[in-house]
């Protein structure tokens, strides 16, 4: 017990105390983080109970893109020419486990605003006013971008990919018969990946705001970004076919180009703001700023700037 107390005292004195500020010690930060994480887990678990109750309905919704195509003009689904695709399960608990996965994903998606709210309340005391004005909108926009990625994948990418793949197998003479585990895993993975892909422009904008990248640098690495997009797509796609790889890689690279535009706009605004901040200082200093002054002594030891006199000329 004594050794454990000594180790805890040493850890507090050598690790935590140097990191402490005058407002709140590190241990209190950790306690607050634990409380907020516990709240987020409890709320997500409560939402999970509700989503699991409607898990069968959610699975039916996920099956919609398999044999239907979304028409943006009429905002409706129309059936495709594919034959009826029956689902099978290959293990006793496979169907139950898929309901748990679907319910868990929907609970996480629905609980994301509350999780971000707890995260915001945890970090906002340590932010300056300028950082709060930036971090708040960034968190909101990143959440909306993730939801837009989910919707784009569900309404456009999944129906197109599934229709192509199933049609290819049917035309080759095979009978479509899908495992519920394979299909749910395929659909959920596509939804998650496209939700993250839609975050690429915001991540690039954040890096540009921090000064780590700029538009000229991103333009120089276009070829490498294109190659990296296809490498990531090859790793992330649940199937090895090049069709799904292109479905993920091309939007990823397109959002990289959008990030270049966003970084250019951000850098332009920053340059204009710096120029506007410089104009009053130059005007206050007078017209002689930037020109050598012959009246200054050559051996002056004072390096502090002296303004140009407004009176008559010295003799």
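In the numbering used here, the protein residues as written are 189 to 503. Idealized CB from N, CA, C, for every residue including glycine. Remember, predicted model here, so these are calculated numbers, not experimental data.
- Message: What does the Cβ neighbour count give for residue 356, buried or exposed, with the cut at 16 atoms within 10 Å?
- Response: Burial check for residue 356: the Cβ neighbour count within 10 Å stays below 16, so the residue is exposed.
- Message: Helix, strand or coil for residue 418? Go by DSSP, reduced to three states.
- Response: In the three-state DSSP reduction, residue 418 falls in the helix class (H, G or I).
- Look up residue 260 in the DSSP assignment and say whether it is helix, strand or coil. Here residue 260 carries a coil assignment [DSSP, helix/strand/coil].
- Which runs of the beta strand (DSSP E) spanning at least 3 residues fall entirely within the segment 221 to 285, listed in chain order? Entirely contained in the segment 221 to 285, the beta strand (DSSP E) runs reaching 3 residues are, in chain order, 256 to 259, 264 to 267.
- Item | Distance between residue 301 and residue 354 (C-alpha atoms, nearest Å) | So the two alpha carbons sit approximately 36 Å from each other.
- What residue from 233, 431, 440 has the CA that sits closest to residue 351's CA? The candidate whose alpha carbon is nearest that of residue 351 is 431.
- From 366, 344, 393, residue whose alpha carbon lies closest to that of residue 436: Out of 366, 344, 393, 344 has the C-alpha closest to the C-alpha of residue 436.
- In the structure shown, what three-state DSSP assignment does residue 366 receive? For residue 366, the three-state secondary structure derived from DSSP is strand.
- Note down, in chain order, each residue of its chain lying with its Cβ closer than 7 Å to the Cβ of residue 448, except the 5 sequence neighbours on either side. Cβ within range, chain order: 403, 406, 407.
- How many whole angstroms separate the CB atoms of residue 346 and residue 375, which I take to be in contact at a CB cut-off of 8 Å? That pair is a contact at about 6 Å.
- Item | C-alpha gap between residue 259 and residue 299, whole angstroms | The C-alpha of residue 259 lies about 29 Å from the C-alpha of residue 299.
- Message: So the candidates are 452, 425, 385; which of them puts its Cα closest to the Cα of residue 441?
- Response: Closest option to residue 441, Cα to Cα, is 385.
- How about the segment 273 to 288 and the segment 219 to 229: do they share at least three Cβ pairs that are nearer than 8 Å? Result no; under three Cβ-Cβ pairs closer than 8 Å.
- Message: Going by C-alpha to C-alpha distance, which of 238, 310, 400 sits closest to residue 219?
- Response: For the residues 238, 310, 400, the minimum Cα distance to residue 219 belongs to 310.
- Query: Within this structure, are the beta carbons of residue 293 and residue 232 separated by less than 9 Å?
  - Reply: The answer is no: Cβ separation not under 9 Å.
- Is residue 267 closer than 9 Å to residue 333 when the C-beta atoms are compared? Cβ distance not < 9 Å, so residue 333 and residue 267 don't count as in contact.
- Taking the alpha helix (DSSP H) that residue 389 falls in, what are its first and last residues? For residue 389, the enclosing alpha helix (DSSP H) begins and ends at 388 to 397.
- Query: Among residues of its own chain, excluding the 5 on either side of residue 391, which ones have a beta-carbon nearer than 8 Å to its beta-carbon?
  - Reply: 447, listed in sequence order.
- Item | Local Cβ density within 10 Å of residue 450, reported as buried at 16 or more and exposed below that | Note on residue 450: 16 or more other CB atoms within 10 angstroms of its CB, so buried under the neighbour-count rule.
- Message: For residue 270 and residue 358, which I take to be in contact (beta-carbon distance under 8 Å), what is that distance rounded to the nearest angstrom?
- Response: At roughly 7 Å, the Cβ-Cβ gap stays under 8 Å, so residue 270 and residue 358 are in contact.
- Is the CB-CB distance between residue 246 and residue 290 below 9 Å? Taking 9 Å as the Cβ cut-off, residue 246 and residue 290 qualify as a contacting pair.
- Task: Drop a sphere of 10 angstroms on the beta-carbon of residue 264, count the other beta-carbons inside from all chains shown, and report buried for 16 or more, exposed for fewer.
- Result: Around the beta-carbon of residue 264, fewer than 16 other beta-carbon atoms lie within 10 Å, marking it exposed.
- Message: Mapping the DSSP letters down to three states, classify residue 300 as helix, strand or coil.
- Response: Note: residue 300 maps to helix in three-state DSSP.
- Collapsed DSSP secondary structure at residue 425 in the structure displayed: Assigned with DSSP and collapsed to three states, residue 425 falls in coil, not helix or strand.
- Message: Quick check on residue 423: buried or exposed, where buried means 16 or more other Cβ atoms within 10 Å of its Cβ?
- Response: The Cβ neighbour count for residue 423, taken over all protein chains shown within 10 Å, is under 16; the residue is labelled exposed.
- Taking just the CA atoms, how far does residue 229 sit from residue 398? For residue 398 and residue 229, the distance between alpha carbons rounds to 31 Å.
- Message: Are the CB atoms of residue 286 and residue 381 within a distance shorter than 9 Å?
- Response: No Cβ-Cβ contact shorter than 9 Å links residue 381 with residue 286.
- Could you work out which residue in 283, 279, 217, 288 is closest to residue 165 when comparing CA atoms only? Shown here, the chain extends from 189 to 503; a query on residue 165 therefore has no answer.
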